[in-house]
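**Q** Using the UniProt record's numbering, the first residue of the sequence shown is number 1, and each one after it goes up by one. Here a beta-carbon is modelled for each residue, glycine too, at the ideal position from N, C-alpha and C.
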Amino acid sequence: MTPNPLRIVYRKLGRNFAATNGLGAANTAPWRQSMSGVVCNTPDLSQMAAKIDSLKKWTVTTYKTTKQSICENLGKVERTVDKELEDQIESLKDIHRRYNQVFLMAKVFNTHFHRFNEAQKGLAESIYQLSLKESTLHSECSSNSESLRSMAHNGELLERALTFFLSSLRTLCEKTIEDTLLTVHNHDQARLEYDVHRHEVEALRQQPNTNADSIAIADHRCEAQREKYERLKEDVKVSEVPV
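(1) Any idea if V201 is buried or exposed, counting beta-carbon neighbours within 10 angstroms, 16 or more meaning buried?
(2) Could you check whether N117 and E156 sit closer than 8 angstroms to each other, using their CB atoms as the reference points?
(3) Scan the region 63-150 and note each continuous alpha helix (DSSP H) run of 4 residues or more that stays entirely inside, going in chain order.
(4) Under three-state DSSP, which class holds T210?
(5) Here's a check: name, in chain order, each residue in its chain whose Cβ is nearer than 6 angstroms to the Cβ of V238, leaving out the five neighbours to either side.
(6) If distances are taken between C-alpha atoms only, which option among R79, G122, N211 and S135 comes closest to S147?
(7) What three-state label does DSSP hand D44 in the structure shown?
(8) Let me check understanding here. Comparing Cα to Cα, which of E72, S46 and K56 lies closest to R191?
(9) Does T180 pass the burial test, meaning 16 or more other C-beta atoms within 10 Å, or should it be called exposed?
(10) For T65, which of R205, Q101 and D188 has the nearest alpha-carbon?
(11) If you count every other CB in all the chains shown that lies within 10 Å of the CB of Q225, and 16 or more means buried, which is it?
(12) Is it the case that the Cβ atoms of Q120 and M151 are separated by a distance below 8 angstroms?
(13) Around the C-beta of L92, are 16 or more other C-beta atoms found within 10 angstroms, so that it is buried, or is it exposed?
(14) Note down, in chain order, each residue of its chain lying with its Cβ closer than 8 angstroms to the Cβ of C141, except the 5 sequence neighbours on either side.
(15) Considering only residues of the same chain and omitting the five flanking positions on each side of A218, which have a CB-CB separation below 8 angstroms?
(16) Consult DSSP for L232 and reduce its assignment to one of helix, strand or coil.
(17) When the Cα of C173 is compared with those of E230, P208, T80 and R97, which residue comes out closest?
(18) Would L169 pass as a contact of F103 if the rule is Cβ separation under 8 angstroms?
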């Protein structure tokens with residue numbers, strides 16, 4: 001039988017959540033002892049219960065959003081679309097890739113140029129030392145040595161400028177744009193959760209004899225998630241990096 005990809009993702013995400021929230025085998029041992037007839041002496045049962053409740057809510061949300069994402073990619077459900085904002089996000093991601101490429105190439109250039117400048121200094125010193133021993137070449141060697149030293153000095157100025165440029169570019173790539181992309185990620189997650197609630201409300205309304213209270217509760221959750229999605233949409237627009 002072909003394994004269900006949703007269940008595989010669900011199990012992996014569940015294990016990751018348990019590991020990061022202290023719900024591994026060692027921490028759940030007291031519960032197994034209690035089931036075997038041994039009195040559970042866990043010091044803070046309320047904290048453990050809160051973690052389990054958090055795990056339950058997280059796994060349900062993760063399962064639903066993962067299913068929603070897969071169904072969207074397969075074209076089985078409609079997704080909420082803001083074409084203008086999505087175009088801006090794609091443009092930002094493309095700009096981020098280009099800045100990263102410039103940053104990487106500038107680092108490579110700076111490394112090679114530093115080595116070149118050090119070699120240039122060494123060559124200038126070697127020619128100068130030669131001029132002290134070769135009287136017939138003293139004038140030419142001295143002139144060449146001074147020229148190389150002058151170029152090496154200018155090279156040091158360029159190295160300092162490159163170092164400042166790299167520092168500014170690192171801040172832009174690894175802090176400014178990354179923070180914006182984190183906001184974009186939160187926006188995408190909120191959009192997924194909103195669409196999950198929206199489709200649940202639509203499904204409830206299509207079912208015959210659905211309890212009005214159930215629809216009202218689902219509507220309330222959907223509206224709360226829509227407001228969160230709209231807030232994050234505005235956050236993305238505000239935090240976009242001008243380029």
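**A** On the basis of the coordinates in this document:
(1) Numbered from 1 along the sequence shown, position 201 holds the residue referred to as residue 201. Result: buried.
(2) If you number the sequence shown from 1, residue 156 lands on position 156. If you number the sequence shown from 1, residue 117 lands on position 117. Their beta carbons are under 8 angstroms apart, which means E156 touches N117 by this criterion.
(3) 83-133
(4) Along the sequence shown, one-based indexing puts residue 210 at 210. In the structure shown, T210 sits in coil (DSSP, three-state: anything other than H, G, I, E or B).
(5) The residue given as residue 238 occupies position 238 in the sequence shown. So the list is empty, once near-sequence residues are dropped.
(6) Counting from 1 along the sequence shown, the entry for residue 147 is found at position 147. Residue G122 is the option with its Cα nearest to S147.
(7) Counted from its first residue, the sequence shown places residue 44 at position 44. Three-state result, D44: coil.
(8) Translated into positions along the sequence shown, residue 191 becomes position 191. If we check each option's Cα against that of R191, E72 comes out closest.
(9) Within the sequence shown, numbered from 1, the residue matching residue 180 stands at position 180. Classification for T180: buried.
(10) Within the sequence shown, the letter at position 65 stands for residue 65. Nearest C-alpha to T65: D188.
(11) Sequence index remark: in the sequence shown, residue 225 carries index 225 (1-based). The residue is buried, with at least 16 neighbouring Cβ atoms inside 10 Å.
(12) By 1-based counting over the sequence shown, the position of residue 120 is 120. By 1-based counting over the sequence shown, the position of residue 151 is 151. Yes. Within cutoff.
(13) Along the sequence shown, read from residue 1 onward, the residue named residue 92 stands at position 92. With 16 or more other Cβ atoms within 10 Å, it is buried.
(14) Translated into the one-based positions of the sequence shown, residue 141 becomes position 141. Same-chain partners within the cutoff: I127, Y128, L130, S131 and E134.
(15) On the sequence shown, position 218 is the one that residue 218 refers to. If we look at A218 and ignore the five residues flanking it on each side, its Cβ neighbours are H197, E200, V201 and L204.
(16) Taking the first residue of the sequence shown as position 1, residue 232 is located at position 232. In this structure, L232 counts as helix in the three-state DSSP scheme.
(17) If you number the sequence shown from 1, residue 173 lands on position 173. If we check each option's Cα against that of C173, R97 comes out closest.
(18) Translated into positions along the sequence shown, residue 169 becomes position 169. Translated into positions along the sequence shown, residue 103 becomes position 103. Contact flag set, yes.
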